[in-house]
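There are 2 protein chains.
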Amino acid sequence: MRSTEQLLVDRARLMGPNVSTFYDDPLHLVRGEGVWLWDADGRKYLDCYNNVPHVGHCNPRVVEAICRQASTLNTHTRYLHEGILSYIERLTATTDASLDTAILTCTGSEANDIALRMAEAVTGKRGIIATDATYHGNTALVSQLGKSNIPTVGFGLGQFFRFVDAPDSYRHPDPDGTTFAAHVAQQIDGLEKDGTGFAALVVCPYFLNEGFPDLPDGWLKPVAEVVRRTGGLLICDEVQSGFGRTGTHMWAHEKMGVVPDVMVLGKPMANGHPVGGVVANHDIVAAFRTGYRYFNTFGGNPVSCAAAMAVLEEIDDKGLVANAQTVGAYARERMQKLATQHEVIGDIRGSGLIFGAEMVTDRTTKAPASDFTDRVINALRHRGVILSKLGRHKNTLKIRPPMPFSKDNADLLFDTLDEVLADTSLHP
Amino acid sequence: MRSTEQLLVDRARLMGPNVSTFYDDPLHLVRGEGVWLWDADGRKYLDCYNNVPHVGHCNPRVVEAICRQASTLNTHTRYLHEGILSYIERLTATTDASLDTAILTCTGSEANDIALRMAEAVTGKRGIIATDATYHGNTALVSQLGKSNIPTVGFGLGQFFRFVDAPDSYRHPDPDGTTFAAHVAQQIDGLEKDGTGFAALVVCPYFLNEGFPDLPDGWLKPVAEVVRRTGGLLICDEVQSGFGRTGTHMWAHEKMGVVPDVMVLGKPMANGHPVGGVVANHDIVAAFRTGYRYFNTFGGNPVSCAAAMAVLEEIDDKGLVANAQTVGAYARERMQKLATQHEVIGDIRGSGLIFGAEMVTDRTTKAPASDFTDRVINALRHRGVILSKLGRHKNTLKIRPPMPFSKDNADLLFDTLDEVLADTSLHP
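Protein sequences appear in the order of chains R and P.
The first sequence: position 393 = 393 (our numbering), numbered continuously.
The second sequence: position 375 = 1375 (our numbering), numbered continuously.
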């Protein structure tokens, strides 16, 4: 087995420069089960970060579904198969009746790439608005949505994209969402005036990449009203926020009080098997598909659908949405207690199994403790707890574990975090 | 189980309009093994069409690799893992030394989307040239390469694409490739003059979608020379032509006498598990990745790499490239014999396990027998043999079976084809 050093050398040689790893001392993982991961030295880690293995690493139901179908038939949608139909029926049974039709893809990137073209097809316009602190995928078109990492190349597509300030409940409260709506309205106005025209607003309805600001239920209503009034589409990218992650609803857009025109799915959809999808009203799908026989060779294949179906079944059978709510509430309590002991915790946020704390050097000025947050994450990693950071200042702990995360797991996480925060050698 | 009629109704309802199926009477498949498929009524079909299950439907080695890794660990490349490195090492050991670095994706579309941006990154220009009878994928950018099915929407990206006549050895012979090279040179000239600039030529090196014209080895040399002289990149999309399909080489670009700047992989790479990739020189990968931390959540995950590795192992262990050559040569002999009996066969082409015949109503005028070809394919389907048609006139039988296809399988195919061609009720 290659050493960590050798792995890093070989990655640079075989995969090229600028390939991200997590942590100062990158992890070499070899095994996973539920909320646990093991490295090459046999060391065990509590996974508080990975949302792709939504129903747990190597979930037996999902593995069994993949093995069964992979050994029975794997082909494409130009032949008829029940798997894709049963899956779309079950998926759309969880959504508003207007979201009744789906296109299955292999990644959230492919799904967002379709969603943006749906907006162009419906509106005849090309202007897309997103927040300035998010990410929606990696195609030439979709990568333009990630303002902090826009490719240096991209066939000039940047001309169609506009950004608004990401919501920030801690530093710039906007409790009823009207400021956000006004900022979007301003960008729409600009797009209409400069001739680009407004096609769509794309948001993660719980703003996970933006640091999951503390927004009251129904917060997206004002901006949705602006989007509809001006003839654009509301695209909700539920790649991170969906499938019950927030604990209160299956889809975060329900929590935020809106029904999107297009819902985009990805990462957790099949627990790591490459599956993504777009759900929309039949008319919107028809607008996209008219004059274009979109076909995705792997998209909606029987194995992918079996894996995705097993995820929905597991969420239901194990009551994972309710678990997210219960454990999430417990985690917030434990974080509140930690905040009474550690001045560095400036703000606590989250819902269900997406939660975290913003680290500050001073609670009054709210100055971000970004470097400190980095040290905390690395210290946690060395104590066997895996998580990350995010937000505009990269000073928010990002805790987003597999959905079977328990109160015991939360206790281990917060006991360890308590130790790390008490280690004065790390302090800002 | 839903009836075929119900499946079609449910597809239109759940998947939207304009979703392709094969055959007048679409197939409802439920099981696959090797070169065989079974429908819902238990009827067995010889698969002479599907290249995605490259090493055979439900290949035991691939299924075992997927099950083993899916039950051990499935995560992303921000952690270290040997799987992706071992795979890229083995893959690049099959290519020219200059093709030494890879980015793994989930689909050929994602891979082509990267390849085009690599060309923009290296050249600083955006003009892309392809043939007028091909397809390279489905993203907003890549779908512009498929002239016969360009989406009605696409953020104006069509402005960067130019097309040249696909090679056609039957109707417009160009035995040394200089006419093709001259057509490409003309388009390059136009791109440079109109200010777009020339970035890349994208071709399937064996021109599968174009009807795999009968071109001598080394045929791409003149056009490659033009591309290099004018500072563009040669992108070889080996999604269909690679992994030994042509029988003579692992990669069709070797057969055609060139080394591409970027090689694109997809469909057969992991036997249907969603895997694609781009292989290029380290400098080209660096040009793309500089200033852009491209990351693909599912791309290069341990399960995908295990599946892809099993495909390479199976190709080697079973001698599938040599098998493609032997069985392909035998198939051509059998087709030649059929041509002496059936006037409708106008031209016979192919190499290895991509082969077929062009159907004409008149051997002198070479008038395409397109409707007849359609009837032949449907008749074969009803006799238990699955294949399709392609080419500009949709009159070329497209025979592209899984690589373990045997002489016995070829006998069954041609015996059945002989019967169908003898059925005068189908004739033009």
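Glycine included, each C-beta is placed from N, C-alpha and C at the ideal position.
No experiment lies behind these values; they were computed from the predicted model shown.
| query | result |
| --- | --- |
| Chain P contact residues for H81(R), given Cβ-Cβ distances below 9 Å | L1007, H1028, L1029, V1030 |
| Among D24(R), G195(R), P222(R), G232(R), nearest to T178(R) - alpha-carbon criterion | P222(R) |
| Which of helix, strand or coil DSSP assigns to R117(R) | helix |
| S1071(P) at chain R interface by Cβ criterion, 8 Å | yes |
| Identity of the residue in F298(R), M403(R), T424(R) nearest R78(R) by Cα | F298(R) |
| Bridge partners - D347(R), DSSP secondary structure assignment | E358(R) |
| For S20(R), the nearest candidate out of A1040(P), D1132(P), Y1292(P) (CA to CA) | Y1292(P) |
| Residue of S1370(P), T1072(P), E1082(P), P1175(P) minimising C-alpha distance to I1345(P) | S1370(P) |
| Near-chain R residues of the segment 1251 to 1271 of chain P - C-beta to any C-beta below 7 Å | K1267 |
| Coil, strand or helix - H183(R) by DSSP | helix |
| D1024(P), DSSP secondary structure in three states | coil |
| C-beta contact flag for N296(R) and N1138(P) at 8 Å | yes |
| Cutoff 8 Å: L157(R) Cβ touching any chain P Cβ | yes |
| C-beta neighbour in chain R for G1016(P), strict 8 Å | yes |
| Option nearest E1225(P) by Cα separation, candidates E1254(P), G1154(P), V1184(P) | V1184(P) |
| Straight-line gap, E314(R) to M1118(P) (C-alpha atoms, nearest Å) | 41 Å |
| V164(R), DSSP secondary structure in three states | strand |
| Amino acids of chain R, ordered along the chain, whose beta-carbon sits closer than 9 Å to that of T1077(P) | R11, M15, V19, S20, T21 |
| Alpha helix (DSSP H) segments (min. 4 residues) lying fully within the segment 210 to 242 of chain R | 221 to 229 |
| Status (buried if at least 16 other CB within 10 Å, exposed otherwise) for S1425(P) | exposed |
| Sequence-distant residues of its chain with Cβ nearer than 6 Å to I1088(P) (five each side left out) | A1102 |
| Cα-Cα separation between P1428(P) and A1322(P), rounded to whole angstroms | 37 Å |
| Through-space distance from S1351(P) to V1311(P), alpha-carbon basis | 21 Å |
| Close Cβ partners of T94(R) (< 7 Å) along its chain, the five nearest in sequence each way excluded | M250 |
| Span separating the alpha-carbon of A1306(P) from that of L1417(P) | 38 Å |
| L390(R) and N209(R) closer than 8 Å at C-beta | yes |
| Contact under 8 Å by Cβ, C48(R) with P401(R) | yes |
| Closer than 7 Å: G1276(P) CB and nearest the ligand FAD heavy atom | Ligands displayed in this structure: none; no statement on the ligand FAD is therefore possible. |
| Assigned secondary structure, R1431(P) (DSSP; H/G/I helix, E/B strand, else coil) | Coverage of chain P is limited to positions 1001 through 1428, which leaves residue 1431(P) absent and any answer about it impossible. |
| Secondary structure of G1190(P), DSSP reduced to three states | helix |
| Boundaries (first-last residue) of the alpha helix (DSSP H) holding A1379(P) | 1370 to 1382 |
| Nearest neighbour of S1169(P), chosen from H1081(P), P1404(P), T1396(P) [CA to CA] | T1396(P) |
| Under the three-state DSSP convention, the category F198(R) falls into | strand |
| Nearest-angstrom beta carbon gap, T4(R) and L1080(P) [assumed within contact, 8 Å] | 6 Å |
| Sequence-distant residues of the same chain with beta carbon closer than 7 Å to R1090(P), five excluded per side | M1309, L1312 |
| Collapsed DSSP secondary structure at N138(R) in the structure displayed | coil |
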